[in-house]
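Step one of this worksheet: look at the structure below.
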Amino acid sequence: MNFKKKGGVAQSIPTGSMADITFLLLIFFMVSTVFVRFRVSGIILPKAEKVEELKKRRHINYLWVSADRKIFIDDKVANIDDVAGIFYQRRVADPRMVVSVKCDQRAPYGLISSVLEELRKADALRINFATDRKR
Amino acid sequence: MALQRRKKSSPEIPTGSMADIVFLLLVFFLVTTTMNQDKGIGMQLPPEGESKKIQKKNICNIWVNVNGEILINLSDQLSITQLRADLERRMVANDKLIISLKADEDTPYETFIHVLDEVKLSGAERISLASPSE
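Keeping their order, the protein sequence lines are chains X and E. Numbered per the numbering used here, the first sequence spans residues 1 to 135. Numbered per the numbering used here, the second sequence spans residues 136 to 269.
Printed below as a string of structure tokens:
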């Protein structure tokens, strides 16, 4: 009688579909990636509990106030007198504009209040006080 | 003399390193992806030049000074932890209540946001931000 060895179970992990899986992941990350557009260094945002997330990034305009009382629009230094003019033009171009006010937690409220006054002049009425979520 | 045929190069594109390339791209996107969304406390400012006469009993003035001390209607001094419950009680008593938040010019923004957060957490919908010079 001739005893044949039984065919053993293949022991290697199939790697043929590895590329497909990676492609899928790649596409997911390519689609979901949003590059940070503007960044002003040294700004510490305050923390709050009742925060809402802003959707529609293309409507968001950024205004920064640093601890040393400097104002930045997007990431360029601006004078307080220029705020109304710049945001009025943007408001005309995009009526659904939201201004994300990113102020340092050490900035004095008086300055922020006068910035808000300027935004009112520019008819930029939808604002958002940027905060981090309190943990 | 034995003439041997030359070896033909295969016409296929080598796909063996495809996975490596894709992995490289994947790692790049993994590293650069930022999932953080813009978030904060949303407010709708009133149009310029608009001022409404509001009955005094429907206004609740909250004053915040430089040290973060809170004064309501110029009479009750509260700490920030008591503010939410106090406002909730006031809003139950008067559903037309408008919260007017007045902060001192030199109040740190952090204190202002903390108070505004508590006001929002109390469920207040009508909030007015008064400028410090008023």
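Think of the CB as a built atom: it goes at the ideal place given N, C-alpha and C, for glycine as much as any other residue.
Contact with chain X by residue i, beta-carbon distance below 7 Å
i	result
residue 111 of chain E	Nothing can be reported for residue 111 of chain E, as the shown portion of chain E is limited to 136 through 269.
residue 151 of chain E	no
residue 255 of chain E	yes
residue 241 of chain E	yes
residue 216 of chain E	no
residue 235 of chain E	no
residue 220 of chain E	no
residue 226 of chain E	no
residue 238 of chain E	yes
residue 180 of chain E	yes
Endpoints, alpha helix (DSSP H) assigned at residue i
i	result
residue 85 of chain X	80-93
residue 158 of chain X	The structure shown does not extend to residue 158 of chain X, since chain X is modelled only from 1 through 135, so no value can be given for it.
residue 18 of chain X	18-32
CB contact check: residue i to chain E, cutoff 7 Å
i	result
residue 127 of chain X	yes
residue 88 of chain X	no
residue 77 of chain X	no
residue 14 of chain X	no
residue 110 of chain X	yes
residue 53 of chain X	yes
residue 121 of chain X	yes
residue 41 of chain X	no
residue 99 of chain X	no
residue 92 of chain X	no
residue 67 of chain X	no
Interface partners of residue i on chain E, CB under 7 Å
i	result
residue 60 of chain X	173
residue 30 of chain X	164
Proximal residues of chain X, C-beta to C-beta of residue i below 9 Å
i	result
residue 206 of chain E	In chain order: nothing, as chain X lies at least about 15 Å away.
Residue i Cβ short of 6 Å to the ligand GTP heavy atom set
i	result
residue 200 of chain E	As presented, the structure is devoid of all ligands, the ligand GTP included, so that no description of it is given.
Residue i, enclosing beta strand (DSSP E) - first and last residue
i	result
residue 258 of chain E	Neither: residue 258 of chain E is in no beta strand (DSSP E) and is coded neither H nor E.
residue 126 of chain X	126-130
residue 211 of chain E	211-213
residue 97 of chain X	Taken as a continuous stretch (DSSP letters only), residue 97 of chain X belongs to no beta strand (DSSP E), as it is neither H nor E.
residue 237 of chain E	233-238
residue 72 of chain X	71-73
residue 199 of chain E	194-199
residue 65 of chain X	60-65
Interface partners of residue i on chain X, CB under 7 Å
i	result
residue 157 of chain E	19, 22, 23 and 26
residue 252 of chain E	48, 49 and 50
residue 154 of chain E	18, 19 and 22
residue 177 of chain E	52 and 128
Nearest residue (CA-CA) to residue i, options the options
i	options	result
residue 74 of chain X	X/120, X/81 and X/39	X/39
residue 192 of chain E	E/244, E/181, E/230 and E/146	E/230
residue 208 of chain E	E/177, E/188, E/217 and E/198	E/198
residue 63 of chain X	X/127, X/92, X/95 and X/20	X/127
residue 110 of chain X	E/215, E/238, E/258 and E/152	E/238
residue 265 of chain E	E/153, E/195, E/150 and E/173	E/195
residue 105 of chain X	X/80, X/47 and X/94	X/47
residue 227 of chain E	E/175, E/258, E/187 and E/177	E/258
Within chain B, the residues that residue i reaches when beta carbons sit closer than 9 Å
i	result
residue 266 of chain E	No chain B appears in this structure, whose protein chains are X and E.
Neighbour list for residue i in chain E, Cβ cutoff strictly below 8 Å
i	result
residue 104 of chain X	244
Per-residue contacts from residue i into chain X (C-beta, under 8 Å)
i	result
residue 161 of chain E	22, 25, 26 and 29
At least 3 beta-carbon pairs within less than 8 Å: the stretch 55-65 of chain X vs the stretch 221-236 of chain E: No, because fewer than three Cβ pairs between the stretch 55-65 of chain X and the stretch 221-236 of chain E fall closer than 8 Å, the two stretches do not touch.
Three CB pairs or more closer than 8 Å across the stretch 254-267 of chain E and the stretch 214-222 of chain E: Pairwise C-beta distances place the stretch 254-267 of chain E in contact with the stretch 214-222 of chain E, as three or more of them are shorter than 8 Å.
Segment contact, 8 Å Cβ cut-off, at least three pairs: the stretch 154-173 of chain E with the stretch 18-29 of chain X: Counting C-beta pairs closer than 8 Å gives three or more between the stretch 154-173 of chain E and the stretch 18-29 of chain X, which meets the contact rule.
Inter-stretch contact (C-beta, 8 Å, three-pair minimum) for the stretch 73-87 of chain X and the stretch 109-123 of chain X: Yes, the stretch 73-87 of chain X is in contact with the stretch 109-123 of chain X.
The stretch 63-74 of chain X contacting the stretch 109-120 of chain X, beta-carbon criterion three pairs below 8 Å: Enough Cβ pairs lie closer than 8 Å, so yes.
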